[in-house]
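Trainee: Sequence order for the protein chains is A and B. Under this note's numbering, the letters of the first sequence match residues 1 to 308, in that order. Under this note's numbering, the letters of the second sequence match residues 309 to 616, in that order.
There are 2 protein chains.
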Amino acid sequence: MEITRLQISEWLQNLQDSICGVLETVDGGAVFSTEPWTREEGGGGRSRVIKNGNVFEKGGVMFSAVHGDAPAFLFQEKAHSVEVSEKTDKPQFFATGVSIVIHPKNPLVPIIHMNVRYFEMTGGVRWLGGGIDLTPHYIDMEDAAVFHNALKKVCDAAHPDYYQRFKKWADDYFYITHRKETRGIGGIFFDRLNENELSFAQNFEFWKAVGEAFAPLYAALVNKSKTKPFTEQQKQWQLLRRGRYVEFNLVYDKGTKFGLETNGRIESILMSLPALAGWEYNYNPSEGSTEQQTLDLLKKEINWISFS
Amino acid sequence: MEITRLQISEWLQNLQDSICGVLETVDGGAVFSTEPWTREEGGGGRSRVIKNGNVFEKGGVMFSAVHGDAPAFLFQEKAHSVEVSEKTDKPQFFATGVSIVIHPKNPLVPIIHMNVRYFEMTGGVRWLGGGIDLTPHYIDMEDAAVFHNALKKVCDAAHPDYYQRFKKWADDYFYITHRKETRGIGGIFFDRLNENELSFAQNFEFWKAVGEAFAPLYAALVNKSKTKPFTEQQKQWQLLRRGRYVEFNLVYDKGTKFGLETNGRIESILMSLPALAGWEYNYNPSEGSTEQQTLDLLKKEINWISFS
Chain A
1 MEITRLQISE WLQNLQDSIC GVLETVDGGA VFSTEPWTRE EGGGGRSRVI KNGNVFEKGG
61 VMFSAVHGDA PAFLFQEKAH SVEVSEKTDK PQFFATGVSI VIHPKNPLVP IIHMNVRYFE
121 MTGGVRWLGG GIDLTPHYID MEDAAVFHNA LKKVCDAAHP DYYQRFKKWA DDYFYITHRK
181 ETRGIGGIFF DRLNENELSF AQNFEFWKAV GEAFAPLYAA LVNKSKTKPF TEQQKQWQLL
241 RRGRYVEFNL VYDKGTKFGL ETNGRIESIL MSLPALAGWE YNYNPSEGST EQQTLDLLKK
301 EINWISFS
Chain B
309 MEITRLQISE WLQNLQDSIC GVLETVDGGA VFSTEPWTRE EGGGGRSRVI KNGNVFEKGG
369 VMFSAVHGDA PAFLFQEKAH SVEVSEKTDK PQFFATGVSI VIHPKNPLVP IIHMNVRYFE
429 MTGGVRWLGG GIDLTPHYID MEDAAVFHNA LKKVCDAAHP DYYQRFKKWA DDYFYITHRK
489 ETRGIGGIFF DRLNENELSF AQNFEFWKAV GEAFAPLYAA LVNKSKTKPF TEQQKQWQLL
549 RRGRYVEFNL VYDKGTKFGL ETNGRIESIL MSLPALAGWE YNYNPSEGST EQQTLDLLKK
609 EINWISFS
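1) Is His467(B) helix, strand or coil by DSSP?
2) Counting only the same chain and skipping the five closest in sequence on each side, list residues whose C-beta sits under 6 Å from that of Thr262(A).
3) Given that a residue counts as buried once 16 or more other Cβ atoms are within 10 Å of its Cβ, and exposed if not, what is Lys475(B)?
4) At a Cβ cut of 7 Å, what residues of the segment 150–181 of chain A count as close to chain B, listed as they run along the chain?
5) Any C-beta of chain A sitting closer than 9 Å to the C-beta of Val390(B)?
6) Looking at chain A, which residues of the segment 550–566 of chain B have a Cβ within less than 8 Å of any of its Cβ atoms?
7) Can you tell me the Cβ-Cβ gap for Phe498(B) and Pro415(B), rounded? I've got them flagged as a contact below 8 Å.
8) What whole-angstrom Cβ distance do Asn457(B) and Gly439(B) have, given they're in contact under 8 Å?
9) Threshold first: 3 residues or longer. Then list the beta strand (DSSP E) segments lying entirely within the segment 14–48 of chain A, N to C.
10) Report yes or no: is there a C-beta of chain B within less than 9 Å of the C-beta of Tyr281(A)?
11) Roughly how many angstroms lie between the CA atoms of Glu349(B) and Trp587(B), to the nearest whole one?
12) Can you confirm whether the segment 440–459 of chain B touches the segment 523–537 of chain B when touching is taken to mean that 3 or more C-beta pairs between the two stretches lie within less than 8 Å?
13) Cutting at 6 Å between CB atoms, please list the residues of its own chain near Phe514(B), excluding the five before and the five after it.
14) Spell out the partners DSSP gives Val222(A) in its beta bridges.
15) Are the C-beta atoms of Ala275(A) and some chain B residue less than 9 Å apart?
16) Kindly indicate if chain B contains any beta-carbon less than 9 Å away from that of Met271(A).
17) Which word fits Glu83(A), buried or exposed, when buried means at least 16 other C-beta atoms lie within 10 angstroms of its C-beta?
18) Give me the Cα-Cα distance between Glu520(B) and Arg46(A), rounded to the nearest whole angstrom.
19) On the premise that Glu428(B) lies in contact with Arg313(B), defined as a C-beta separation below 8 Å, what is that separation, rounded to the nearest angstrom?
20) Taking the alpha-carbon positions, what's the Arg183(A) to Thr485(B) distance?
21) Taking Ile266(A) as part of the alpha helix (DSSP H), name the residues at either end of that continuous run.
22) Answer yes or no: do Ala277(A) and Gly243(A) have a C-beta to C-beta separation smaller than 9 Å?
23) Beta strand (DSSP E) containing Phe190(A): first to last residue?
24) With a 10 Å radius around its C-beta and 16 neighbouring C-beta atoms as the bar for buried, classify Thr38(A) as buried or exposed.
25) Is the beta carbon of Leu581(B) less than 9 Å from the beta carbon of Ile574(B)?
26) Tell me which residues of the segment 42–73 of chain A have at least one Cβ-Cβ distance to chain B shorter than 9 Å, keeping chain order.
27) Any beta carbon of chain A sitting closer than 9 Å to that of Leu568(B)?
28) What is the C-beta distance between Leu605(B) and Ile447(B), in whole angstroms, given that I count them as a contact (C-beta under 8 Å)?
Below is the structure:
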C-alpha cells in the first residue's frame, strides 16, 4: 500500500492537535490559538500559538502543506536532482510538516524545537526529514541524559546506526559558527532518509515515532522544573541565551531560509523567535558560575548518555 | 599628494573620538568604554561602547583597520575583479572604517546607523563607501525632512546627482524583503565611489563630510526628543521595531556578513544588536494608530524632503 501525501498531512494535523493538548495541560493556563492560512502559490497551513501562559511565554506548533513550482535551490544539489522528462513542464514540489519551538518563562526550563517534514518532487522523488533538539538555558546533566536516552530508544527501534548518525548530524547542524558554540545540547537531526537501508514504510514508522516521542518527553522535562524558583540574574541570562537562539535561526537555519525564499507565511516562519531576547556587549560569565559551566558544555561530540 | 591608508585610518580614529565626545555630552551620564583588539590574520581595531546611559541604552562607535589575504567573495564580482600579475601571490586586502549603531532608551528618539569605510586591494584598486540612515520607532515627518535635508546638503556640495542616487541606494539596501518594509526612513548609502565623475581626492572630501555630518545631526535629533515622556505601550512597540532591526542585520546586512565571513571580532560586529528586542506573533497595530502610521511610511521612494 502506497503511503499518500494526504495520509501524511492528515497524520501531521492530528499530531499537531495532540501535542497542543499535552502542552496546554502542562501549562495549566493558556490555550493555543488556531489560525488557518493559505499560500498564494498553493497550499497553506494551520498555525497554533500559545503565549503568556503559566509556563510557556511563547510557543508555536505549526502545520503546513504547501505545493507549487519548485524553488531553484532544490535543483542545485546534484545528488538529488530530478529527472524532468518534459523540459517545458516546471518541476513541482509538495512539502508538509509540523514545526515546533517553545520558549518557556522559567529559565530553568529548556527551550525545545521539533520538526517532522515530508517532501515530494516531480518525478516520484520523495523523502522524510526531521529531528528534536533541546536548548537549556542552564544545562542539567541528568536531564540531558534522559533526553538523549529517549531519542536513542526511538532510533534504535528503527536502525542500530540511526542514533549515532543523527546525533552527530544535530551537533553539526545546530552549530553557531560565529560563536563557536552549539545552540544547546543537540538531539537528533535527519533529512532525506534514503531507502538503501530501510524501506520508505520502515522509515515512515521511525519518523512517526519521532513525532510521537516529542510530547511526553518535553512534558516530563518541563514538569520537573516548571515550579523551581529562579533569580533575576537567571532571567537575564535566559535573555542572552535567547539572543543566541535568534542568531542561529536568522543566520543559519535552513527551515527559516526555505520559508523566506519560498515566500512562506512570515509570521509562521518567525514564530520561532522569542517574545524577548537580549544582547550585552562582551558579556562573560564569572569563572565557575553555572552560566560558565553551561557555556563550557556547548560543544559538539559530547556523549550525553554517559551522564546517566 | 597621494592619500595613504595610514592617513585615512588616523582620520577615522579622530572621528571616532570626536563622535564619542559629542554623544557623551548628549547623554550627560554614561561614558564610552575603550577596548583595543587585534585580529589574528592581521590588523585590529578599537571598540568604544556606551551602555545604560541617561539617553543611550546601548551604542557602539567602532573603529577597525584589518588586512590580510582577501576573502574569496571579494573576487566574485567581475566588475571589480583585480589584476593579479603573479598568480602565486595571494591577493591582499586592507579595510578600515568607523561603524556606529546607537539604540536610545526613549522610543521617541530614533535609532541611527553610520558607516564610513575604505578598501584597498592588491593591484592598486581602492574605493570609499559609507552612509547614514535613521530608524525612528515613530516617524516624525519634520525630523525626517531635517535629516534628509542635511544629507542632501552634504551630497550637493560634492555632486548634483549624489543625493538622489545615494538616497535610492539606501532605500534599496535597507529593505527587509520578508517584511516588505524598509528598516526606517533610509538616508544615504554608497559603495565603491568611482573616479569617473570625481577624483579620488574629491570623493575623499565628500566621504569625510559624511563622517563629520553625523554627530551634529544626530545630536540635534536626540536633544529634541530625549526628554519627551513616553508610555509603556510605546516602549513595547520599540521592542518590536528593534526586533525588525535584528532581522535586517542578521539576514541582510553585508557589513555583518563580511565580518562573520572574515572571522572578525564577533562582539564588535554584533554590537549593532539592541540590549533588548521583542517579537510578538501576528501583531498588528490598530487602524489609525501612530504605530500604524509609521508602518505605512516604511516604504521606498518617499520624498522626505517634501515634508519640510
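For each residue, glycine too, the CB sits at the ideal point set by N, CA and C.
Mentor: In terms of the structure at hand:
1) coil
2) For Thr262(A), where only same-chain residues beyond five positions count, the Cβ hits under 6 Å are Pro71.
3) buried
4) His178, Arg179
5) Residue confidence for Val390(B) is low, a pLDDT of 48 falling below 50, so the modelled location carries little weight; the figure read from the coordinates is stated next. Answer no: the Cβ-Cβ gap between Val390(B) and chain A never drops below 9 Å.
6) Gly551, Val554, Glu555, Leu558, Val559
7) About 30 Å separates the two Cβ atoms, so there is no contact after all.
8) Wrong, their Cβ atoms sit about 16 Å apart, outside the cutoff.
9) 33–38
10) When Cβ-Cβ separations below 9 Å define contact, Tyr281(A) makes contact with chain B.
11) 37 Å
12) yes
13) Ala466
14) BP columns for Val222(A) are empty, so no partner.
15) Between Ala275(A) and chain B, the shortest Cβ-Cβ separation is below 9 Å.
16) Output row for Met271(A): interface = yes.
17) Residue placement at Glu83(A) is flagged as unreliable, the pLDDT there being 48, under the threshold of 50; the coordinate-derived value follows with that caveat. Label assigned to Glu83(A): exposed.
18) Take the alpha-carbon of Glu520(B) and the one of Arg46(A): they are about 52 Å apart.
19) Indeed, because the Cβ distance is near 6 Å, the residues count as touching under 8 Å.
20) Distance between the alpha carbons of Arg183(A) and Thr485(B): 26 Å.
21) 266–269
22) yes
23) 186–190
24) Looking at its Cβ environment, which holds fewer than 16 other Cβ atoms inside 10 Å, Thr38(A) is exposed.
25) no
26) Ser47, Val49, Lys51, Lys58, Gly60
27) yes
28) 5 Å
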